[in-house]
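So the structure is just underneath, and the comments pick up after that.
Numbering (my numbering), first residue to last: 104 to 179.
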């Protein structure tokens with residue numbers, strides 16, 4: 104089915120995938136550390152979550168984002 108407006112990308116890029124993987128890891132570790140009552144490591148997971156967002160932003164600015172110079176779009 105064709106979209107007349109065009110595919111906006113939906114973040115299918117190395118920058119988006121890297122950021123999401125880091126953030127999912129942060130949420131998973133934060134949940135485990137919360138379960139085992141390790142508050143210092145829960146806060147470290149919050150820090151990792153922020154790192155994931157920064158890495159995604161930096162990779163996007165470096166050209167690995169959607170429609171970036173170093174990112175090739177998925178063939179339709």
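By construction, the Cβ of each residue, glycine as well, lies at the ideal position given by its N, Cα and C atoms.
Keep in mind it's a predicted model, so treat the numbers as computed, not measured.
Using the Cβ count rule (16 or more neighbours within 10 Å means buried), how would you classify residue i?
{"i": "residue 122", "result": "buried"}
{"i": "residue 175", "result": "exposed"}
Note down the Cα distance separating residue i from residue j, rounded to an integer number of angstroms.
{"i": "residue 159", "j": "residue 150", "result": "14 Å"}
{"i": "residue 143", "j": "residue 133", "result": "10 Å"}
{"i": "residue 139", "j": "residue 147", "result": "14 Å"}
{"i": "residue 172", "j": "residue 161", "result": "14 Å"}
{"i": "residue 131", "j": "residue 124", "result": "10 Å"}
Would a C-beta distance cut-off of 8 Å place residue i and residue j closer than the cut-off?
{"i": "residue 118", "j": "residue 167", "result": "yes"}
{"i": "residue 169", "j": "residue 115", "result": "yes"}
Can you list, in chain order, the residues of its chain with a C-beta nearer than 6 Å to that of residue i? Leave out the 5 residues immediately preceding and following it.
{"i": "residue 152", "result": "126, 129"}
Keeping to the same chain, check which residues put their C-beta closer than 7 Å to that of residue i; ignore five residues upstream and five downstream.
{"i": "residue 145", "result": "133, 136, 137"}
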